[in-house]
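Per our numbering, the sequence shown runs over residues 607 to 1105. Ideal Cβ positions, reconstructed from N, Cα and C, are used throughout, including at glycine. This report concerns only the one structure given below.
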Amino acid sequence: MISEAAGFGLRLENYSPLTHHFDEMVGADGAPRSHWARVVNFLSSLNREGLAHRWDEGRRVIQQNGITYNVYGDPLSVDRPWPLDPIPLILDPAEWASIEAAIIQRATLLNAILKDLYGPQRLLYDRQLPAELVLAHPSYLRQCHGVMQPGGSFLHLYAADLARSPDGKWWVIADRAQAPSGTGYALENRMVSNRTMPDLLSRSNVRPLEEFFQTLMRTLLEIAPSHRENPRVVLLTPGPYNETYFEHALLARRLGISLVEGGDLVVRDRRVFLKTLGGLLPVDVILRRQDDSFCDPLELRADSLLGVPGLLQAIRDGHVAVANMLGSGVAETAALSAFLPGLCKHLLSEELKMPSVATWWCGQDVPKQYVLDHPGGLVIKPALRARREPPVFIDKLSDADRRQFLAKLKSRPQEYVAQEQVALGTTPVWNSHGLLPRHFVLRVHAVATRGTYAVLPGGLTRFSASKDSLVVSVQSGGGSKDAWVLSKGPVPPMPPPQP
């Protein structure tokens, strides 16, 4: 518990960090961390009604801007207001520099892996990766083998979910390589912060987000295979029932491109066109926000009503570029994390800068036996299934259910991957009772740009619904907050966007 002597006012004095979890605001000595000082002093200067009044304005902004998310399977409501917390996550500039370097390295590594898997496949021939892990995975699209886009990049956008271990180190707990979401919500979170705490934001030297979106648009224009003077870029969405449809519409508006569904596009003579009342208009670049297997019912999923028949052939012929490239979803499999340290040395001649959470693919004898002998504290996930399924927390199973599940794992070990259960760090979340610790995950985004990657300074922070839950998901009742990356000095003004 933090005392008033630590500099906190009445509203903050009862904040009690959870034991055995790293807390973002409070150190082990019970004092606030140095890079939180300005925020702590600001909150101390406000009474409960002052923060509540500011946050009423934030809720009005969320409602007026229609910031929503969808809950799958909810018959009562399609659109729900975005659950944003007013207290930002504060990130130290020196610590952020190491995060940024690690994300750039990881995106570069995964892009190199995808280029090999859909090209010469030396990693499989040299047994750097088990062929059965890749070729049996539903997200590995054999139809895309040998297909390369301008620049040879598969990952134009990449995101990593990061978590704190109890000793304060960052771990990657998941990779998002297919159509990573969150950048639009991060932008809206910052906009709400600008409306509710403009004085604190301006004094804190917080790095802005706008340059990332300018870089994204420049990258999309540069990968256009034709009409280089004025290429047409569209954002392909599954439609309004998708959980992040609001973000799709926001990004399209922010980038100044058309928001389209599969039915708005058509392939003629192996070229993609946009249907308009004035006729067909050629499309050069597609920023896709739907799973790759749904993008072309002619060659991929025949039951898809969301895709564009013939799209893959148009990509093969070099008439359209797609970001991210179809087939990149295989990089999201959790089992790949077990091989990344060795692959990083093999492909980049470097040590992996940020480790993944400890991972064991059960398709190999030694890891399988370790999981069977030491199941406590592990989370079991599907390794070879394209659809995301809820993870199995071994410690929460009864003895009978544990034996039954481990027997199933033993009979089909190649279908499972085990990961260490991370004691997620905590961050303060505000409600009418004051500040409460909640477990959180930070999603950090990167965009390819001229041979490297640029990282969004901040990202999407999500927190759990309760202190007892390690499930961090807005779908499961959690929420989100703005992430502030502090600068060492004054932040220069952003240049105006290029037309």
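- Under the DSSP assignment, VAL1023 falls in the beta strand (DSSP E) whose first and last residues are 1022 to 1026.
- In the DSSP annotation of this structure, THR939 is not part of any alpha helix (DSSP H), being labelled neither H nor E.
- The beta carbon of PRO1063 lies closer than 6 angstroms to those of ARG813 and VAL1091 in the same chain, with the five residues before and after it left out.
- Straight through space, the alpha carbons of LEU857 and ALA1054 are spaced by roughly 17 angstroms.
- In this structure, ALA783 keeps its C-beta atom at 8 angstroms or more from the C-beta atom of SER943.
- Following the DSSP letters along the chain, one finds ASP691 inside the beta strand (DSSP E) bounded by residues 690 to 697.
- By the C-beta density criterion, ARG838 is buried, having at least 16 other C-beta atoms within 10 angstroms.
- Taking the Cα positions, ARG895 is about 42 angstroms away from SER650.
- Straight-line spacing of the CA atoms in LEU887 and LYS881 works out to 7 angstroms.
- Remark: C-beta atoms of PHE1046 and ARG1068 approach each other more closely than 8 angstroms.
- Looking at ASP1088, PRO1043 and LYS1087, the one whose alpha-carbon comes closest to that of HIS627 is PRO1043.
- With a 10 Å radius around the Cβ and a threshold of 16 neighbouring Cβ atoms, ALA708 comes out buried.
- With 16 or more other CB atoms across the displayed protein chains lying within 10 angstroms of its CB, ARG1049 is buried.
- By the neighbour-count criterion, in which a residue is buried when 16 or more other Cβ atoms sit within 10 angstroms of its Cβ, HIS751 is exposed.
- A Cβ-Cβ separation of about 7 angstroms places VAL936 in contact with LEU723 under the 8 angstroms criterion.
- In the three-state scheme derived from DSSP, where H, G and I count as helix and E and B as strand, HIS1045 is classed as strand.
- Taking C-beta atoms under 8 angstroms as the contact rule, LEU768 and ARG796 fail to qualify, at a distance of about 19 angstroms.
- For ASP1088, the enclosing beta strand (DSSP E) stretches over residues 1085 to 1091.
- Counting the other CB atoms within 10 Å of its CB gives ASP923 a total below 16, which places it among the exposed residues.
- In the three-state reduction of the DSSP assignment, VAL778 falls in the strand class, which pools E and B.
- Annotated three-state conformation of TYR731 is helix, per DSSP.
- Assignment of VAL1050 by DSSP, reduced to helix, strand and coil, places it in the strand class.
- In the three-state reduction of the DSSP assignment, ARG712 falls in the helix class, which pools H, G and I.
- For ALA780, the CB contacts under 8 angstroms within the same chain, skipping 5 residues up- and downstream, are ALA766, ASP767, GLU938 and ALA940 in chain order.
- If you check the CB distance, TRP777 and VAL972 do not come in under 8 angstroms.
- Taking a contact as a CB-CB distance under 8 angstroms, the pair ASP691 and LYS1087 counts as one, their CB atoms being some 4 angstroms apart.
- Here LEU822 has VAL1053 as same chain residues with Cβ atoms under 6 angstroms from its own Cβ, once five neighbours each way along the sequence are excluded.
- Beta-carbon to beta-carbon, LEU893 and ALA929 are separated by about 5 angstroms, close enough to satisfy the 8 angstroms threshold.
- Judged by beta-carbon spacing, ARG665 lies beyond the 8 angstroms limit of THR674, meaning their Cβ atoms are not closer than that value.
- Three or more Cβ pairs drawn from the stretch 977 to 995 and the stretch 1006 to 1016 lie within less than 8 angstroms of each other, which places the two stretches in contact.
- If you check the CB distance, VAL840 and SER810 do not come in under 8 angstroms.
- Residue environment analysis places TYR847 among the exposed positions, since fewer than 16 neighbouring C-beta atoms fall within 10 angstroms of its C-beta.
- Where GLY885 is concerned, there is no enclosing alpha helix (DSSP H), although the beta strand (DSSP E) around it starts and stops at 885 to 888.
- In the DSSP assignment, SER910 forms no beta bridge with any residue.
- Under the 10 Å beta carbon count, GLY758 is surrounded by fewer than 16 other beta carbons and is classified as exposed.
- When the alpha-carbon of PRO844 is set against those of ASN676, PRO961, ILE1000 and VAL998, the nearest one is in ASN676.
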